[in-house]
Structures are given as C-alpha cells and as structure tokens.
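Here is the structure we will look at, set down as structure tokens.
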Amino acid sequence: MSEKSFRQAINEALREEMRRDPDVFLIGEDIAGGTGGDGEEDAWGGVMGVTKGLLGEFGASRVIDTPISETAYIGAAAGAAVTGMRPVAELMFCDFAGVCFDQIMNQTAKLRYMLGGQAKVPLVIRMQCGGGFNAAAQHSQTLHGLFTHIPGLKVVMPSNPYEAKGLLIESIRDDDPVMFMEHKFMYDDKGEVPDESYAIPLGEAYYSRDGEDITICALGRMVNLCNQAADDLAQENIGCTVIDLRSTSPLDEESICESVEETGRLVVVDEGYPRCGFAADIAALAAVRAQPALRAPVKLVTPPHTTIPFAPTLEELYIPSVDRIKQGIKETLAA
Amino acid sequence: MSEKSFRQAINEALREEMRRDPDVFLIGEDIAGGTGGDGEEDAWGGVMGVTKGLLGEFGASRVIDTPISETAYIGAAAGAAVTGMRPVAELMFCDFAGVCFDQIMNQTAKLRYMLGGQAKVPLVIRMQCGGGFNAAAQHSQTLHGLFTHIPGLKVVMPSNPYEAKGLLIESIRDDDPVMFMEHKFMYDDKGEVPDESYAIPLGEAYYSRDGEDITICALGRMVNLCNQAADDLAQENIGCTVIDLRSTSPLDEESICESVEETGRLVVVDEGYPRCGFAADIAALAAVRAQPALRAPVKLVTPPHTTIPFAPTLEELYIPSVDRIKQGIKETLAA
Amino acid sequence: MIAITEGARATLLNKEILLEAFRRMRTIREFEDRIHINSAKGEVPGFIHLSAGQEASAVGICMHLTHEDHIASTHRGHGHSIAKGCDVTAMMDEIYAKRTGLCAGKGGSMHMADLSKGMIGANGIVGGGVPLTAGAALKARILGTDRVAVAFFGDGALNEGATLETMNLAKVLNLPMIFAMEDNGYGEATPSSWAIGGEVLKRAEGFGLSACALDGHDFFQMHEAAGRIIKDVRDGKGPAFMHISTYRYYGHFEGDAATYRSEGEAEKMQKEKDCLMIFRNKALAADLATEKELDEIEQQVARLLDDAVEHARQAPAPGAADLATDVYVSY
Amino acid sequence: MIAITEGARATLLNKEILLEAFRRMRTIREFEDRIHINSAKGEVPGFIHLSAGQEASAVGICMHLTHEDHIASTHRGHGHSIAKGCDVTAMMDEIYAKRTGLCAGKGGSMHMADLSKGMIGANGIVGGGVPLTAGAALKARILGTDRVAVAFFGDGALNEGATLETMNLAKVLNLPMIFAMEDNGYGEATPSSWAIGGEVLKRAEGFGLSACALDGHDFFQMHEAAGRIIKDVRDGKGPAFMHISTYRYYGHFEGDAATYRSEGEAEKMQKEKDCLMIFRNKALAADLATEKELDEIEQQVARLLDDAVEHARQAPAPGAADLATDVYVSY
Ligand SMILES: Cc1ncc(C[n+]2csc(CCOP(=O)(O)OP(=O)(O)O)c2C)c(N)n1
Ligand SMILES: Cc1ncc(C[n+]2csc(CCOP(=O)(O)OP(=O)(O)O)c2C)c(N)n1
Ligand SMILES: [Mg+2]
Ligand SMILES: [Mg+2]
C-alpha cells in the first residue's frame with residue numbers, strides 16, 4: 008500500500024491487466040505519442056500521461072497509436088472485442104464521443120443483444136470528463152447521462168485513486184462494454200492504493216459517510232465535494248449519508264432506496280447536464296420506488312441546463328460547489 | 008380544413024414555409040431521390056415519401072439530395088443556418104444521429120452559447136423515430152431523451168397531423184435548432200388539418216383530456232395510446248388528465264406540476280429508453296417540484312432498459328401498450 | 068471458353084470448389100427469391116434488403132476464407148452470410164423472427180451474424196461494419212496470425228466517414244484487411260455515379276490501398292482476383308480495395324418500386340449479366356461441369372430452401388422470458 | 068528577387084496589399100508570442116494552441132476574402148481569425164475570458180468567432196469546422212452569389228470522417244469551397260507523414276477536388292496561388308484543395324514540451340523557413356517595401372498588442388447574470 012496519484016493508479020491497473028492477460032491491449036491517439044517520428048518514443052503517454060511507460064514494457068503491437076479517426080479506432084476496438092480480444096481504448100475526452108457515437112451507441116452497446124447473446128464485447132473506453140480547467144464547451148462535458156441512457160453500456164466513474172485502480176481492473180475483466188470516465192481535475196489527486204491487484208465490483212455503491220438526516224448521492228469528483236460539505240455540516244450537527252455510486256450502470260438501486268427510506272430526504276449532486284441526466288435518473292428512482300418515504304422534495308444540485316462556459320468566473324458558477332451543495336442540503340432539511 | 012395524413016401535414020408545412028421564405032431549403036438523402044439517374048426524378052421524396060413533390064415546385068437548388076454522409080450534410084445545414092439560411096434537414100431515422108452526433112451535440116447545439124450569443128442556428132432536423140415495424144435495434148429508437156439532454160437543442164414530437172403541421176411551421180420559424188421527431192407508425196394517420204398556415208408554440212402542453220384522478224404525461228404516438236387507455240378507464244369511472252407535451256425542450260413544467268398538484272398521482276408514458284430518459288426527467292420534475300402533492304409513487308410506463316428486439320412477439324412486449332398503460336394507472340390509483 | 072481462360076483462369080478451380088461455389092450462389096438466389104415472394108405475402112416482418120444479382124461477389128471472395136477469417140456485412144447481408152457458411156435454416160428462422168434463429172429472433176435480416184463462422188454481422192448502419200472489420204484484422208495483427216478480415220460495403224457507404232477513416236487506419240496500421248465495395252449502381256434511389264466524387268480507385272489509392280476494379284457478374288474473375296488479393300493480404304502486404312461492379316435485381320428494400328431506374332434496366336441486366344447464367348455458361352463451355360451436375364445442385368438447393376421456409380414457419384417465436392436477456396453478460 | 072518574380076509573382080501585389088499582409092502576419096506573431104509569455108505567467112485560462120510559424124498560410128488566403136466570404140478554423144485559430152479581420156482587442160479580451168471578448172467570454176481560444184467578419188469559428192473538435200464551412204458554401208450556391216468558403220484544417224484532421232465526407236459532398240454538390248489543409252508536420256505528437264496513408268494530393272484528387280501543394284512558409288507563393296484558386300472557385304469551377312506545408316514553433320498546446328520532435332528541429336525551421344523573415348527578405352530584395360515601412364508596422368503592431376493585453380487585463384469578467392443567457396434565442 009502506498010500513496011499514488013489517480014493517474015498512477017490507472018496506469019498501474021492497465022499494466023497489471025496487460026501482464027495478466029495477453030488479450031488486453033491499448034489503442035488511442037498519442038497513447039504513446041511520437042510514433043513514426045524522429046523525436047522521443049512514448050513522448051506523451053496520452054494527453055494526460057496516463058499510459059506513459061507502457062509502450063516500453065508491452066511494445067507497439069499492444070500500445071497502439073492511431074491517426075485522428077475515432078470512428079475507425081473505437082469501432083476497431085469493438086470489432087477486436089467481439090472477436091475475442093480485450094481492448095482498452097482511450098477516447099481522450101468524453102466530448103469526442105460525438106465523432107464516434109454510432110460505434111458506441113449502435114454497434115458496441117447493441118451487439119450482444121442484436122446477435123441474440125452470441126457476442127461478448129469486453130471493451131473498455133477510457134476518457135476524461137468534467138470541468139475545472141476552463142476548457143470550454145467541447146472539452147469539459149460529463150456525459151455519463153448520455154451513456155447511461157444507452158442499454159448495453161456500463162458506465163463507471165471513480166472518485167479517488169483507490170477506486171480508479173480497482174474499478175478499472177474490474178472493467179477490463181468485465182465481458183460488457185464499459186465507459187470508464189476519469190475526471191480531468193483528479194489526475195494529480197493522491198490516495199492510498201494497494202500495490203497488489205484488486206477489483207472493485209460494478210454496481211455496488213460505497214457508503215462514503217453515514218448520517219441520519221439526509222441522503223446524498225454522487226459519483227466521481229462530486230463525491231469529494233459532498234464529503235467536504237458533509238464535514239462542514241457535521242459542525243452544525245447535521246448528519247449526512249454520502250453514497251458514492253461508483254457506476255451509473257449497473258446502478259446500486261437498493262442502497263439508494265434503503266438510505267432514502269431511512270432519512271426521507273435526498274440530494275443528488277452531479278456535474279452532468281440536468282435534463283434527462285443522471286441526477287434526474289436518481290430523483291426518478293426515488294419518486295418511483297421510495298416516494299412514500301420522502302419527507303421533502305428531492306433536491307438536484309447540478310449545473311444549469313446550458314452549454315459549459317469558458318470564463319473561470321462562469322465555470323465556477325456552473326459546476327456544483329461545496330457551498331451550493333450545503334445550501335441544497337439545508338433547503339432540503341428545511342422543507 | 009380537411010382530413011389529411013400525418014405525412015401530408017408535414018409536406019404541407021414544408022411547402023408553405025418554402026413559399027413564404029426563400030431562405031428555407033431542404034437537404035437530405037433521397038429527399039427527392041433519383042438525382043443524377045436515368046429513371047424518374049423525385050422518385051422517392053424521402054424514404055417515407057414526406058417530401059415528395061417539393062422538387063417540382065422548388066427545384067434542385069432548394070430540395071437537395073446528398074451522398075450518404077450525415078456528418079457532412081447535417082454539418083453543412085448547421086453551417087448554412089449559422090450564416091443566415093433556414094435549412095430543414097432530413098436525417099431519415101433518429102438512430103442515424105449516431106453517425107453525425109458531433110455536429111448535433113458539439114456544433115449545432117453549442118454554437119450560440121460558445122459564440123457568446125452572436126449566432127442563431129435556425130436549423131430543423133426532421134427524422135423518424137419509434138417502433139412498430141419490427142425494424143430492430145438500429146431503426147426503431149426514440150432518442151428524444153438523448154437530444155433533450157443536450158442544452159441548446161429544442162426537441163419536438165407531434166402526436167397527430169394537426170400538431171405535425173403547426174409544430175413544424177413553428178420549428179422552422181424558430182431561431183434555435185429543433186430536433187423534429189416523427190413517429191414512423193403515424194405517417195398514414197389521418198386527422199383534421201387546416202389548409203391555411205398556422206403555428207403551434209413550442210413549450211406549451213396540450214390538455215388532451217381532463218380528469219381528476221390522475222395525471223398522465225406523454226408525447227408523440229404515446230399520447231394516442233394514453234387516450235385510448237383513458238377512454239377505457241372512463242368506463243370504470245376513472246378520470247384521467249392526459250397531457251400531450253408536444254415538446255420536451257422547452258418543457259411546459261407548469262402544466263405538469265399544476266396537474267400533479269390537483270391529482271396527486273402521475274404516470275409518465277414514454278417510448279424511449281428509461282434510464283436517464285424522458286420519463287425519468289418528468290418523474291424527477293415531480294419529485295423536485297411537486298413532491299408534497301404526490302399521493303402515490305410516480306409510475307413510469309416505458310420499455311425495459313434493453314436494446315430493441317426484432318421479433319414482433321418481443322417488440323410488442325417492448326413498446327408500451329394500452330394494456331400496460333391501464334395497468335400502470337390502476338396500480339398508481341391503488342397505491 | 069476464351070473468356071474463362073483469359074480473364075478468369077477458371078481452370079485453376081478444382082471441381083469440388085467449383086460446385087461448392089455454384090451451390091452457394093444458387094443458395095443465395097433461392098433464399099432471396101423466396102423471401103421476396105413470402106415477403107409480398109406478408110410472412111416476413113421488418114425491413115428486408117435483397118442481394119439477388121450480387122452473388123458472385125460474396126461467393127467469389129468468401130470461398131477463400133475460413134471460419135477464422137472474419138467478414139462484416141451491410142443491411143444487404145444475406146448473401147455474405149450464406150457465402151461465409153452460415154446455416155440457411157437458422158438464417159431463415161431469424162428472418163421469420165423465431166427463437167431458433169441465428170440471433171434468437173432478436174436481430175433479424177439487418178443484424179444477421181454468426182461469430183462461430185467468422186461472420187461479425189449485417190449492419191443497419193451504412194458503413195457501420197467497416198470499423199468492426201478492422202478490429203478483426205487488428206486482432207490478427209496483434210496475435211501474429213495469418214487471418215484476414217473482409218469488409219463488404221456498398222457504393223453508398225464509400226461516402227461515410229466510418230468507411231473512409233477506416234481505409235486510412237488500415238493502411239497506417241498495416242492491417243490484413245480487404246475493402247470489398249460492391250457497387251450495385253445505387254445507394255437507395257441515388258446512382259453511385261452521381262454520389263461518388265472523383266474516381267473510386269484513385270480515391271482508394273489516395274489512402275495508400277492497393278486497389279483494383281472487378282466484374283462482379285463474373286464469378287471466375289472474382290474468384291481468381293480475390294484469391295490473389297487475399298493471399299497478398301495474408302502475406303502481410305497491406306490492406307487492399309476491390310471496386311466490384313454488380314447489380315441488385317430487386318428494389319432497395321422489399322416494397323420499393325425502384326422507379327429511379329430506367330425502364331427495363333433490371334430486366335436487361337438480368338438477361339445479359341446474370342452471374343448464375345454466366346457461371347453456368349462458362350462452366351459448361353469449358354467442360355468444368357455437366358448440365359446434370361448443376362441441375363442436381365439446383366434441385367438440392369430448392370429442397371433445402373423449401374425445408375428452411377417450412378421450418379421457419381413452424382418454429383416457435385421468442386417470448387416474454389427472452390425480452391430482457393442478452394443486454395449484459397453480467398449485471 | 069528571382070524567387071519572387073519566378074515562383075510568386077509578388078509584383079502583382081500593390082503596396083497597400085503588401086503592407087497590409089505584413090501587418091496581419093506580424094499581428095498574428097505578436098499575438099501568439101504574447102499569449103505564450105503571459106500563459107506561462109498563469110494569466111491565460113483554458114487550453115491554448117498557438118499557430119506562430121503558420122502566418123503566411125492564413126494571411127495568404129484571407130487577403131483574397133471579404134467579410135461576406137466565410138472561413139472556419141480549428142483549435143489553432145488565432146491566426147485565421149486575425150487574418151480574417153477579427154478585432155485583436157476583442158480577441159485578446161476573449162482569451163482573457165472577459166465580458167468584452169469576441170464571444171463574451173463564453174468561448175475562449177478554441178471557439179473564437181466573429182460572424183460579422185465571416186469567421187464561423189475556431190473549433191475544439193478536430194475536423195468539426197469543415198462541414199460547417201460547406202454550409203456557408205452551400206448558402207452561396209443556393210442564393211447564387213459569388214461568395215466562397217474556406218475550411219482551414221490540419222494534417223491530423225485529414226483523417227477525420229467529417230473532413231473526408233465533406234470533401235466528397237463539396238464535389239458532388241459543386242460547392243464553392245476551398246479545403247486549406249495546413250500540414251505543420253504533426254497532429255499532437257504524431258507526425259503527419261506517419262498518420263496519413265497514401266499521398267495527400269492523390270487522396271484529394273480521388274474525391275474529385277482540384278488539388279495542389281503549396282509552400283506555406285512563402286507568403287508570396289501562398290498569396291499568388293490562393294488568388295488563382297479562389298478566383299476559380301468563385302467562378303464556379305468547383306471545390307479545391309490546398310496542401311500547405313508549414314510548421315508550428317511552439318508545442319501542440321501551451322505546456323507541451325514537444326519531445327516528439329528531434330533536437331533543434333523547431334529552431335532550425337524558425338531560422339531557415341520563418342515566413343516573416345522570408346517575407347521581409349523578399350520584399351526588400353524586390354524593392355517592394357522599405358525597411359522603414361516594415362519596421363514601422365512592427366512597432367505599430369507591438370503597440371496594438373501592448374494595448375490589447377492591457378485592455379484584456381483590465382476588462383470586466385462575465386458574471387452570474389451571463390451564465391444562462393445565449394442558450395436559446397427564445398425559450
Ligand atoms: C448511416 C446511415 N445512413 C443512411 C441509412 C439508410 N440507408 C440504408 S441502405 C442505404 C443505401 C446504401 O447504399 P449502398 O452502400 O450502395 O448499399 P446497397 O443498398 O446498394 O447495397 C441507405 C442510405 C442507413 N441505414 N445508415
Ligand atoms: C475529434 C477530436 N479528436 C481529437 C482531438 C484532440 N486533438 C486536439 S488537436 C489534435 C491534433 C490535430 O492535429 P492537426 O489537425 O494536424 O492540427 P494541428 O494541431 O497540427 O494544428 C488532436 C488530436 C480533438 N480535439 N477532437
Ligand atoms: Mg449500392
Ligand atoms: Mg498538424
């Protein structure tokens with residue numbers, strides 16, 4: 008066990024799985040970087056340096072740089088998966104799902120069902136999501152809502168280095184396609200990460216904190232903000248249960264409903280777009296399955312339903328903050 | 008006023024707007040059909056024959072067939088819109104949004120905001136949606152949930168020929184991009200459609216039926232099934248309010264909340280995928296804004312969260328039916 | 068005889084291969100014709116696209132592939148499936164939406180697939196199967212096997228980003244992949260001559276693919292050229308492109324009146340260029356087979372298809388228990 | 068002198084145009100250099116991609132365009148924006164995320180746009196602007212005007228489906244559109260020579276585009292060729308493609324150490340091929356301008372940029388009232 012960054016945790020998961028299983032390979036744009044050029048080999052390791060060093064151990068036949076052709080290489084990864092390999096594709100930014108969405112939505116996600124169960128699609132698509140870098144409208148989205156909408160896709164979002172490693176290992180071993188979303192603001196976050204290999208099951212939420220007054224659901228980076236908010240509110244004798252969902256699909260519905268039945272109050276904190284988004288999905292779950300227990304309106308703490316602005320002043324207002332989370336909790340307790 | 012089919016109503020809306028405004032033009036695959044060939048000109052009028060006859064009146068410079076290149080022509084339509092035209096693009100099947108999703112999600116939807124308000128994008132993308140023809144996984148989806156998730160897109164779905172004409176005219180005149188979704192099972196549906204031009208505002212729901220016991224929300228083809236269910240239940244002295252939402256974005260939140268506050272019970276009927284879908288969005292609205300009024304859990308009548316099956320026996324089970332709607336209503340009343 | 072020995076080296080075929088090729092082509096034709104008839108009777112649900120007329124391309128290529136080689140196909144995929152060895156009865160069951168179908172009734176005509184035969188699938192999305200095929204080729208490259216993968220696609224699909232990107236990817240990664248573009252003259256109602264800017268071979272070569280034009284009406288030419296090309300690809304010489312001229316007899320989909328064609332066009336093509344007719348004539352003229360042998364195959368195939376249709380009619384439909392299975396392997 | 072009169076017909080330029088071109092190129096360079104410096108100081112939020120080194124391409128082309136002609140650009144769009152006449156102060160304000168910015172602080176570097184100048188926008192999506200440009204060209208075709216549209220994109224973007232599909236669409240619809248591919252040697256860390264299969268011109272011609280290779284370091288060649296090509300496109304002769312060789316001095320984005328380049332590569336390019344240096348040398352050698360005139364422009368530009376940076380630093384940031392506006396025109 009030692010302190011590792013979110014970035015290192017992911018790199019370690021990839022390395023361990025590639026050692027364990029020769030069918031695992033990596034593909035993406037500049038996941039090595041410098042391929043075919045005169046400069047340094049493995050110059051980048053992906054735009055966030057996550058795959059750095061893997062080329063050296065596994066060679067260019069398993070760490071595959073591609074031209075800028077997401078439809079082609081995501082589709083090729085799906086085709087490799089369906090014919091027996093276990094690719095991990097790096098899509099760089101989840102926003103780029105736009106340029107290869109057919110291969111994600113109509114091919115990867117549907118193959119197993121359309122083929123009457125004969126296909127397995129053990130494909131992991133890694134990508135960064137989230138705001139915080141003023142990267143503006145096309146590089147800051149958090150599109151887990153979009154992916155969760157598509158039956159056949161699993162959607163995973165770790166909230167710390169420990170989860171990053173364990174959930175990625177599980178995702179690679181899973182026989183279904185997994186959209187693995189890494190919050191770009193977290194790559195340098197540090198945390199305890201066991202050196203040995205371990206897998207965290209998908210669809211099992213983690214009670215990040217227990218409290219009796221209110222249930223707070225979140226995933227990814229938002230979990231940390233929720234815990235900060237809960238810390239602050241603990242000073243005021245408010246007890247929050249913070250549920251780190253870890254994956255949106257499969258979703259640990261039981262844990263959510265159980266907690267809401269105990270507290271009667273639910274706040275969902277999410278960085279995605281609100282309309283038809285993941286926060287709405289959880290609110291709907293409560294309305295459908297836990298309505299009798301609800302003692303107050305469900306509160307959604309999300310961005311407004313707008314495109315993501317560039318200016319730091321605006322982005323700060325846009326992304327849920329500890330303050331807005333606290334305010335949402337207090338409003339819900341007062342209702 | 009005369010009886011017209013859904014198909015005719017749309018054709019009429021296009022014709023009238025093209026006459027009224029020389030900036031309106033049509034673009035899509037085989038929207039005339041036979042372009043450049045030896046056979047009949049205007050052989051198809053689109054795969055559903057909706058645009059048939061418009062080539063004759065407006066010529067090939069305003070009824071533009073394209074190669075099979077959705078990214079290129081949807082993007083070109085967006086580019087034409089942002090530089091001053093009012094294109095109506097036909098995407099054929101909403102499922103094909105996959106192959107041009109970047110142009111929809113990251114360009115069309117975001118242009119106005121990214122450009123700080125200097126851009127208008129008066130683009131309408133027409134497409135068919137829905138099941139009922141056993142067209143299987145990639146030709147039967149109803150992706151209004153996906154589109155509603157994207158800020159900047161308006162999403163419209165008429166439930167009868169009258170609405171089809173009025174909503175399409177309004178959509179063409181609207182300065183924002185509109186995803187206009189036509190249920191493929193309805194093209195031959197007949198209804199009264201005024202001969203003169205009229206526009207139905209977006210974001211104003213229509214109370215298709217008034218009743219005191221329960222609120223039912225739906226749009227598109229599902230409205231008709233809801234009304235049938237309500238007819239049947241009226242025999243049993245159950246009074247249903249059926250709200251035809253007409254558009255998901257903008258959404259007439261007031262009408263929904265008002266009605267739920269009166270009835271205390273809500274059933275949402277929708278043909279889209281349930282997770283992070285439109286039905287969940289409405290349930291969330293109720294949980295957030297009308298929770299105190301809810302006297303029973305919200306009920307969602309939707310397909311299961313699976314890919315759409317081919318077999319008629321399975322598709323019938325998949326799509327919400329009058330029976331399943333009635334059952335949902337009764338369960339909600341009993342709760 | 069001249070045509071054969073000149074252009075197509077039919078003599079290189081041994082008799083077994085020759086008759087098997089004829090059987091497959093004939094099976095495709097019978098399969099399509101029956102669906103055409105039964106579809107008009109309302110027996111066949113869903114959207115149906117028939118490939119009758121295009122048999123020599125599918126069979127000419129697939130005769131060189133094993134079950135470990137992969138292909139992916141299009142919405143017009145029955146022919147490729149049969150050519151690749153998929154079970155005709157299970158295919159018919161699938162078309163009839165039965166539980167015993169190749170995809171358990173969940174896929175239908177547009178999603179016909181059999182991974183055990185190396186058939187990744189028909190595809191409802193134009194161009195959608197091309198990147199998937201690259202994945203099968205990538206597998207071969209990574210594992211260092213001599214497997215190849217063939218993407219069948221239409222003239223219309225040549226203008227889809229998915230196809231074009233993959234042409235480049237295949238070249239850059241040196242994938243053992245063949246782009247088999249079946250140019251049947253139309254993408255839906257639109258002539259390929261209009262919809263394709265520039266020249267096909269030049270375009271393919273512009274991506275660095277080795278490219279050639281083939282007459283898809285002539286099995287012998289198809290078979291000979293495909294053999295050569297596939298061998299080169301197997302040997303690691305890089306991806307290749309075939310521009311195959313062909314024609315579909317029926318409309319774009321079942322129900323299409325095909326008024327975008329000129330009067331009598333389809334009939335003329337069938338009369339002059341039918342690949343089964345050309346096969347028979349050439350094979351007989353070159354003494355590669357006897358009338359009797361070919362007739363017998365035709366009768367066998369007809370019986371096979373009689374049985375398949377009957378089986379499909381009788382087979383059980385999937386039911387409630389099947390609706391929500393096969394979404395995930397584990398959940 | 069020889070080089071000019073031979074390859075570039077610089078004498079066709081009148082002095083006003085010549086000096087204006089120099090001013091624009093110089094403005095781009097100053098703009099980029101200042102952002103580079105101020106970015107390192109932490110003054111500039113967001114992702115920044117600089118085009119220093121590529122000025123002759125943007126200016127050589129845009130000198131032939133009016134505000135009614137449209138261009139779209141890439142993530143590396145400052146140069147194109149300035150070349151197209153966007154206000155430098157408003158651009159700097161935008162880079163600094165200010166309310167007075169060209170996009171009111173909502174877009175930033177990657178979404179810089181000014182529709183009133185015919186600049187549709189930079190784009191964060193590789194290839195994303197190419198179809199949009201086709202739309203501007205389509206407008207011209209429908210309305211029968213003689214406007215043209217230019218899509219700037221990189222060598223990396225040549226492998227995106229969006230770009231490739233649009234090349235075909237432009238040809239088939241005979242759009243008045245120019246594909247200006249700026250090949251700066253790299254897409255991120257990957258050399259274009261590796262990522263592009265086949266040959267660029269052949270690929271473009273394979274789509275039916277008239278195509279030529281240009282030296283993007285030489286303003287005179289760029290300007291002359293662009294003039295000819297744009298005139299042809301304006302005259303309805305169909306879409307054209309330019310393969311422009313160029314180079315970016317800085318890394319892919321601000322912060323990139325660019326270790327994928329060989330040692331000294333950038334320095335060598337700047338020393339031998341800098342477009343501003345070449346411009347100055349040729350212009351002086353051919354007596355088209357005096358040192359004094361060029362120096363004066365440099366000083367004016369430096370002052371302009373001093374002021375722009377100062378303005379940007381002082382300008383007000385957008386606030387809560389701006390967050391949810393501009394999503395829809397009406398809601
Ligand atoms: C992405 C996408 N766009 C459009 C369609 C509708 N469509 C189905 S088949 C077809 C024509 C395809 O033409 P071609 O590739 O020549 O194949 P063919 O039908 O001639 O076999 C079209 C446009 C589709 N299924 N997918
Ligand atoms: C669709 C998409 N894929 C990947 C990226 C990430 N990306 C940004 S710039 C870039 C390189 C583009 O190379 P090129 O087109 O040559 O332009 P240059 O940066 O050299 O100006 C990449 C891969 C992106 N922004 N969009
Ligand atoms: Mg075709
Ligand atoms: Mg480049």
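Chains as they are written, first to last, in the numbering used here: chain C, 8 to 342; chain L, 8 to 342; chain H, 68 to 398; chain P, 68 to 398.
Backbone N, C-alpha and C define an ideal beta-carbon position, used for all residues, glycine too.
query	result
Going along chain P in order, which residues have a C-beta closer than 8 Å to the C-beta of R208/H?	In chain order: nothing, as chain P lies at least about 15 Å away.
For the alpha helix (DSSP H) that Q367/H lies in, which residues bound it at each end?	E358 to Q381
Ligand 1 and H147/H: does any heavy atom of the ligand fall closer than 8 Å to the residue's C-beta?	no
Let me check you understand the geometry: is the CB of G23/H closer than 8 Å to at least one non-hydrogen atom of ligand 3?	No statement about residue 23/H is possible, as the shown extent of chain H runs from 68 to 398 and does not include it.
Counting only beta-carbon atoms, is S329/P nearer than 9 Å to chain C?	yes
Can you tell me where the alpha helix (DSSP H) holding G82/L begins and where it ends?	E77 to V89
Could you check what DSSP says for K340/P in three-state terms: helix, strand or coil?	helix
Can you find the residues in the same chain that come closer than 6 Å, C-beta to C-beta, to H116/P, ignoring five residues on each side of it along the sequence?	H142, R143 and F320
Quick one: is E360/P near chain L, going by C-beta distance under 9 Å?	no
Between R282/C and K108/H, what straight-line distance do the alpha-carbon atoms span, to the nearest angstrom?	45 Å
Just checking: is the beta-carbon of S76/L within a distance shorter than 9 Å of some beta-carbon in chain P?	yes
Could you tell me if P29/C is buried or exposed, where buried requires 16 or more neighbouring beta carbons within 10 angstroms of its beta carbon?	exposed
Ligand 5 and G252/P: does any heavy atom of the ligand fall closer than 8 Å to the residue's C-beta?	With respect to ligand 5, the structure offers nothing, as its ligand set consists of ligand 1, ligand 2, ligand 3 and ligand 4.
Taking the C-alpha atoms as reference points, what is the distance between I192/P and L122/L?	15 Å
Once DSSP output is grouped into helix, strand and coil, what is the label at T72/P?	With a pLDDT of only 43 at T72/P, under 50, the local geometry of the prediction cannot be trusted, and the value read off the model is given with reservation. Of the three classes helix, strand and coil, the one that applies to T72/P here is helix, per DSSP.
Kindly list, in the order they appear in chain H, the residues whose Cβ is closer than 9 Å to that of N226/P.	L231, E232, N235, L236 and V239
What are the boundary residues of the beta strand (DSSP E) that includes M248/H?	M244 to D250
By the 10 Å Cβ neighbour count, where 16 or more other Cβ atoms means buried, how is Y214/L classified, buried or exposed?	exposed
Would you list, in chain order, the members of the segment 130 to 163 of chain C that have their beta-carbon closer than 9 Å to a beta-carbon of chain L?	A143, A144, Q145, Q148, L150, H151, G152, L153, F154, T155, H156, I157, P158 and G159
Check distances from the C-beta atoms of the segment 76 to 99 of chain L to those of chain P and list, in chain order, the residues that come in under 9 Å.	S76, E77, T78, A79, Y80, I81, G82, A83, A84, A85, G86, A87, A88, V89, T90, G91, M92 and P94
Verify whether the separation of the beta carbon atoms of M186/P and G221/P is less than 9 Å.	no
Put A342/C into one of helix, strand or coil per three-state DSSP.	coil
I need the straight-line Cα distance from G303/P to D213/P, nearest angstrom please.	8 Å
Does the distance between the C-beta of T233/H and the nearest non-hydrogen atom of ligand 2 fall short of 8 Å?	no
Does the beta carbon of E77/L fall short of 8 Å from some heavy atom of ligand 1?	yes
Leaving out the 5 sequence neighbours to the left and right, which residues in its chain are closer than 6 Å to A293/C when beta-carbon positions are compared?	V267, L273 and V305
For the segment 56 to 67 of chain C, enumerate the residues whose C-beta is nearer than 9 Å to any C-beta of chain L, in chain order.	none
Of all the CB atoms in chain L, is at least one closer than 9 Å to the CB of G105/C?	yes
Identify whether R143/H lies in helix, strand or coil by the three-state DSSP scheme.	coil
Let me know the secondary structure DSSP gives A201/P once reduced to three states.	helix
What is the DSSP secondary structure of R14/C, reduced to helix, strand or coil?	helix
Roughly how many angstroms lie between the CA atoms of D109/L and A216/P, to the nearest whole one?	21 Å
Give me, in chain order, the residues of the same chain whose beta-carbon lies closer than 6 Å to that of A88/C; leave out the 5 immediate sequence neighbours on both sides.	P94, V128, P129 and L130
Mind checking whether E266/H and G331/P have CB atoms under 9 Å apart?	no
For R328/P and K191/L, what's the separation of their Cα atoms in angstroms?	55 Å
Distance check for A88/H and T326/H, CA to CA, integer angstroms please.	33 Å
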